[in-house]
Amino acid sequence: MSEANPEVKAETKVEAKPAAAKAGAKAKKSWSNPALRAMGIPRISLPSRNWMIFWTVLTTIGTGIAYDKYQQKKIRTKWMEKVESLGHISYPTEQLPRKLTIYIAPPPNDFLDESLKLFKKFIKPVLNAGCLDFEIFSESRQGDIRSNVAQRIRDLRQAELDKQVAQQPVDTLPSATFEDEEQLVRRSELYKPKDVLGLYRIFPGEIELKSEDSQDIAGGIICIGRGAFKEYITGLHEGLLGPLTKPQFVIDQELKAEEELKAKEEAEESEEPNLKPVPKPYITPDQYSNAEFAPELNLGTIIKNNQGIPQFFEQPLYVFKVPNLIGFTTIPLKIYRYFTKRYLADDYGHKASGIVLNKTRSFTIEDLDFAKDEELEWPKKWVKTGLERNSEWVQEIQVDERIISRMKVFEVEE
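Note that the sequence shown covers residues 594 to 1007 in this note's numbering.
Encoded structure:
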């Protein structure tokens, strides 16, 4: 009996330790309402430490995003109200609003959607509030904007050349013979049904549309992105200084590019064919000084279209930079910019309102640095590859004084 007693005491002591620990532990802080207890709702207590950290971080991030979006909306409304008076102007049926041409390029090594988002969120609302019409041209490859601008100018020069040929005296023109092919003309071009039915006295003739654009300063050009600006300037020089027909060295380059593209398609064995290469420039920068400045156009005055509106290359210009950070090391700055987009909205809205108000000045050589700080954020590897491939975007802009002396820019008050 004397040997059993110590074992019982030992077991009793071991079992008593957990009970003592439970009794000594502090009760969790909580609160309870008698009415809630009657409904079976347990006691309300603070969440654990980990849950507190989670909800604090989540609330802080959500509040920061919501506040920034609220400020963006407020800033956007401020700049829209500044030009809203222009949107309340009543237009007669024969008058058209001022029209802009907008060139949008994607940021380097990224998608076009990034540039389009900036335009739709921060620029387009202000233009709509000011009752401006606009036409958008976007590019998916380098050179599309340059090629489009140059081709538009070449088409204009060719049309002027054809007009000059048509105005030559009759004796200098070749006479038609019976052997010449007969040219068919649409019946609608000769007369209209109302002329045959005798309704021309009842119904008025066609209404001649008039644009809001002035005789000296019209519309405007907006380039979104430093790359779009470079291509626009290069396209102006190619169209005004280059030849109307494709030079032989350009034909050779394009044939070589097509052969390389065809070989690449055969090597990859892709079902969908790749796009055709971008047309090569008809003139190089080192040929600018010796080139003739658009002899088909009357450069003594402002060049206008059939409606008396200055051509697009005679219209004022402005450039918006596209901030875009890529890379692991830029993550902290990207986070900061994500939570402070209101500053970008204010900057874009301020400049867009200046374009709507249509204050202009002459183009200077310093204006070639429009949005140049955007290049500091371009990926270094992308720039290095561009230099190896002789990319248009990484080259310095070379201009001719004869062209930039005719250009104008929108003057935005600081």
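Virtual Cβ for every residue (Gly too), placed ideally from N, Cα, C.
Since the model is a prediction, treat every value here as computed from it, not as a measurement.
If you run the structure through DSSP and keep just helix, strand and coil, what is residue i?
| i | result |
| --- | --- |
| Ser638 | strand |
| Gln760 | coil |
| Glu604 | Here the model assigns Glu604 a pLDDT of 49, short of 50, so the residue's position is not dependable, and the following value carries that caveat. Looking at Glu604 - three-state DSSP - the assignment turns out to be helix. |
| Leu910 | strand |
| Val1002 | strand |
| Ile729 | strand |
| Ile844 | helix |
| Ile814 | strand |
| Pro903 | strand |
| Lys977 | helix |
| Lys897 | strand |
| Tyr881 | coil |
| Phe886 | coil |
| Lys717 | helix |
| Glu1007 | coil |
Whose CA, out of the options, lies closest to the CA of residue i?
| i | options | result |
| --- | --- | --- |
| Phe822 | Thr652, Ile695, Asn983 | Ile695 |
| Ala845 | Tyr875, Gly835, Ala856 | The sequence as given places Asp at residue 845; Ala does not occur at that position. Among Tyr875, Gly835, Ala856, the Cα nearest to that of Asp845 belongs to Tyr875. |
| Phe1003 | Leu969, Lys977, Thr953, Val976 | Thr953 |
| Arg999 | Leu837, Thr838, Ile826, Lys927 | Ile826 |
| Ser946 | Val676, Val987, Ala759 | Val676 |
| Asn883 | Val992, Asp962, Asp755, Gly942 | Val992 |
| Val915 | Lys692, Asp703, Val650, Lys671 | Asp703 |
| Arg750 | Gly835, Lys692, Trp648 | Gly835 |
| Lys710 | Ile697, Glu994, Gln900 | Ile697 |
| Glu707 | Ile958, Glu959, Ile919 | Ile919 |
Alpha carbon to alpha carbon, how far is residue i from residue j?
| i | j | result |
| --- | --- | --- |
| Glu824 | Ile668 | 31 Å |
| Pro718 | Gln688 | 22 Å |
| Ser731 | Leu720 | 18 Å |
| Gly812 | Lys869 | 32 Å |
| Leu833 | Glu1007 | 33 Å |
| Thr837 | Ala759 | Position check: residue 837 holds Leu in this sequence, whereas Thr was assumed. Cα-Cα distance, rounded: 18 Å. |
| Tyr660 | Pro699 | 28 Å |
| Ile948 | Ile895 | 21 Å |
| Tyr881 | Ile658 | 51 Å |
| Pro840 | Thr877 | 11 Å |
| Ile924 | Tyr936 | 19 Å |
| Gln735 | Trp971 | 15 Å |
| Ile817 | Asn741 | 16 Å |
| Lys602 | Leu639 | Note that Lys602 scores a pLDDT of 49, beneath 50, so its modelled location is shaky and nothing firm can be said. |
| Leu926 | Lys934 | 12 Å |
| Met673 | Gly633 | 55 Å |
| Gly820 | Ile997 | 18 Å |
| Phe906 | Pro685 | 28 Å |
Assuming residue i is part of the beta strand (DSSP E), what are its boundary residues?
| i | result |
| --- | --- |
| Ile695 | 692-697 |
Quick one: give me the first and last residue of the alpha helix (DSSP H) that residue i is part of.
| i | result |
| --- | --- |
| Phe822 | 819-834 |
| Thr953 | No alpha helix (DSSP H) contains Thr953, which is instead part of the beta strand (DSSP E) from 953-955. |
| Ile948 | 934-950 |
| Glu959 | Here Glu959 belongs to no alpha helix (DSSP H), and DSSP marks it neither H nor E. |
| Glu994 | 994-997 |
| Pro1048 | In this structure the chain extends from 594 to 1007, so residue 1048 is not present and cannot be described. |
| Arg630 | 627-631 |
| Val987 | First-last for Val987: undefined, no H or E at that position. |
### Task
Could I get the ranges of all uninterrupted beta strand (DSSP E) runs contained in the stretch 643-713, with 3 residues as the minimum, in chain order?
692-697
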